[in-house]
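Numbering of the sequence shown is given in our numbering, commencing with residue 105 and proceeding in unit increments.
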Amino acid sequence: MTRRIDEIGAGLAPARRGAPLSLPLRLHVVGVGGTAATAAALHAAALGVQVTGYDRELSPDTARMLTAAGVKICAEGDLDAVHSANIVAASKAITSTQPDHPQLEAAREAGLAIVSVQQVIADAAATRGGALLGVAGTHGKTTSTGWLLAALRASGRDPSAFVGGPLAEGEGSPAGAPIHLGTEPGFIVEADEYGGNFDPYLADGALILNADWDHPDIFADRAAVVRTFLGWATPILERGPLVVNVADLGGSEVAAALRGRDHGNLLTYVVRSHRHAETGAADHADVTAELVESGEGRVALRNLTLSAGAERLAPAARGLLSLELPIGLLGAHNAANALGVALLAASTGGSPEGIRSALATFPGVGRRMEVRYERGGITILDDYGHHPTAIDATISTVRLRYPGRPLVLAIEPLTYHRTAALLEPIAHSCAAADRVFVADIFAVRDTDLSITSSAALARAINRRGVPAEAPGSVEATADRIADTLPAGAVVLVMGGGRSTELATRLAKALEGR
């Protein structure tokens, strides 16, 4: 059964367009350890806001990052931090499961407004001024947001940004943070569709990479996801370019619904490949490019073709027409995302030279096929993916990058409701590995932990003829893999919760041998 968005954000003020922050201001963030919440705290602190925050589980790295930025971390029972604030922001991971959290109750009793952490980010963007650009999509938005930032910076621009993952040194500020503090107006934001998270982001230009079914706790089907993207995208078309990947079925449905009321600002694209099926909308895309695959997952784009409308919207893209564009990140999925990034960058001030450079050299963001260990013929990769589509794309790319090597998948499923609703598709995707270890499911916003289990997923994978087991915690799973690892194996660790700790523990175990 799906939940209403107002249940997910219980007690939060309605989303509104971002407005400049009025200083002096004291902000308290409940659930400050979440990526968006951390970004909200860091951006607010950088603008001179006095920020305090609480989280039950705060990683040492995040705590150090926040403290270095002047954010004071407090305990759950420290209600003085709440009472001294002018405004309280909360993560929906808190409001959806603990609407009566003591700090939220204290804020209500004090008559304080409680807003989403995304609202704080939108207000920080409005405070900095300039154009707001949004990158949305069920898959690929974190990498693509960082890529867009890199493309504009390589073009001599320096906007601020919120990215849903750690940026590499030289891309983020501070290094490893999910933000960039720019030196000029302008703001790029990762726009997440869950629970209305992107509603405060009335962007001046945007990219929609795809619209796949995910978050079954609030979206009953893909049509519900498409409707949500339409609600966000429609007002953007009155303000600036909207770039949409119509090779994706959901993306093509979004574009079709917007065509005719797009104020001439809709720009559709497709990357053509003989190996990948396309939607009918791909035949009418404004921009097309051909995928070039050169082995081990390396990709490039060539034969870029623009329609007359595309040339008007993205004049800078004409400088890319005669070039083959090497893509620095592996996989066909990254090539498709790269073209969307290039088109939005070209439509919003990016130069052909800067865009081409960024496509080729952007190092990616943390936990996207990140190499964590490579020694003695064993490789450990750490990846955030947990949806069947992401698992498919990542395993396919890993197979190309490391041909002929045994592929061991260690997956920590993210949320009980997703695992229950997508159990068979997840099992089908995981079965592309040679052996699978399923760690305990990581609960986020879950209210019923009895609906499925990691053992149920392992059994579904076994039914597909692939050895799979569920050893338990991430620690137990890492230890079990270390004891059974075949020579020459590639271990792909996937998941959105504590799975990165699994990769760390496994690497340490192998180093000690």
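Just so it is clear, CB atoms sit at the ideal spot from N, CA and C, and this is done for glycine as well.
Query: Compare the beta carbon distance of isoleucine 283 and proline 263 with 8 Å and say whether it is the shorter of the two.; Result: no
Query: Which runs of the beta strand (DSSP E) fall wholly inside the segment 276-329 and span at least 3 residues, in chain order?; Result: 291-295, 309-312
Query: Counting along the chain, where does the alpha helix (DSSP H) carrying glutamate 357 start and finish?; Result: 353-362
Query: Alpha carbon to alpha carbon, what distance is there between leucine 463 and alanine 442?; Result: 7 Å
Query: Counting along the chain, where does the alpha helix (DSSP H) carrying arginine 520 start and finish?; Result: Residue identity check: residue 520 is tyrosine in the sequence provided, not arginine. Element bounds for tyrosine 520: 520-525.
Query: Let me make sure I understand the geometry here. Which of Ala613, Ser557, Ser554, Asp538 has the alpha-carbon closest to that of valine 594?; Result: Asp538
Query: Spatial neighbours of alanine 258 within its chain, please: C-beta separation below 6 Å, excluding the five flanking residues on both sides.; Result: Gly458, Ser461, Ala462
Query: For histidine 388 and leucine 313, I'd like the C-alpha separation in whole angstroms.; Result: 17 Å
Query: Can you tell which of Ala351, Ala611, Thr465, His147 has the C-alpha that lies nearest to the C-alpha of glycine 480?; Result: Ala611
Query: Should the segment 142-152 be called in touch with the segment 323-339, which here means at least 3 C-beta pairs below 8 Å?; Result: no
Query: When burial is assigned at 16 or more other CB atoms within 10 Å of the CB, is proline 419 buried or exposed?; Result: exposed
Query: Which class does glutamate 478 belong to by DSSP, given the choice of helix, strand or coil?; Result: strand
Query: How is glutamate 528 classed by DSSP in three states: helix, strand or coil?; Result: helix
Query: Where does alanine 404 fall in DSSP's three states?; Result: strand
Query: From the DSSP output, in three-state form, read off proline 510 for me.; Result: coil
Query: In or out: methionine 558 buried (at least 16 other Cβ within 10 Å) or exposed?; Result: It is worth fixing the name first, because residue 558 is serine in this sequence and not methionine. Buried.
Query: Residue ranges of each alpha helix (DSSP H) run of no fewer than 4 residues wholly in the segment 145-185, ordered along the chain?; Result: 164-172
Query: Taking 8 Å as the threshold, find out whether the segment 487-494 comes into contact with the segment 295-311 through three or more Cβ pairs.; Result: no
Query: To the nearest angstrom, how far is the alpha carbon of alanine 230 from that of asparagine 369?; Result: 22 Å
Query: May I ask you to report which of helix, strand or coil DSSP gives valine 502?; Result: helix
Query: On the DSSP letters alone, give me the boundaries of the beta strand (DSSP E) that alanine 420 sits inside.; Result: Here alanine 420 belongs to no beta strand (DSSP E), and DSSP marks it neither H nor E.
Query: Between which two residues does the alpha helix (DSSP H) holding serine 461 run?; Result: 456-465
Query: Under 8 Å between the Cβ atoms of leucine 311 and valine 347?; Result: yes
Query: When the Cα of serine 398 is compared with those of Leu448, Asp165, Ala412, Leu434, which residue comes out closest?; Result: Leu434
Query: Determine the direct distance from the alpha carbon of alanine 217 to that of glycine 599, and round the result to whole angstroms.; Result: 34 Å
Query: What are the boundary residues of the alpha helix (DSSP H) that includes isoleucine 431?; Result: Unbroken run through isoleucine 431 is the beta strand (DSSP E), 429-431; no alpha helix (DSSP H).
Query: Tell me, to the nearest whole angstrom, how far the beta carbon of histidine 132 is from that of threonine 156; I am working on the premise that it is less than 8 Å.; Result: 5 Å
Query: Report buried or exposed for leucine 553, applying the criterion of at least 16 other Cβ atoms within 10 angstroms of its Cβ.; Result: exposed
Query: Looking only at its own chain, which residues have a Cβ that is under 8 Å from the Cβ of lysine 245, when we skip the five neighbours before and after it?; Result: Val239, Gly268, Glu294, Ala295, Asp296, Leu313
Query: With distances taken Cα to Cα, identify the nearest neighbour of alanine 535 among Leu589, Thr498, Tyr158.; Result: Thr498
Query: With DSSP as the reference, please indicate the residues paired to isoleucine 236 in a beta bridge.; Result: Note that residue 236 is leucine in the sequence shown here, rather than isoleucine. Paired residues: Phe291.
Query: For tyrosine 488 and arginine 472, which I take to be in contact (beta-carbon distance under 8 Å), what is that distance rounded to the nearest angstrom?; Result: 6 Å
Query: Report, in whole angstroms, the separation of the C-beta atoms of alanine 564 and alanine 574, which I expect to be a contact under 8 Å.; Result: Contact flag wrong, Cβ pair sits at about 11 Å.
Query: Leucine 170 and alanine 145: beta carbons closer than 8 Å?; Result: yes
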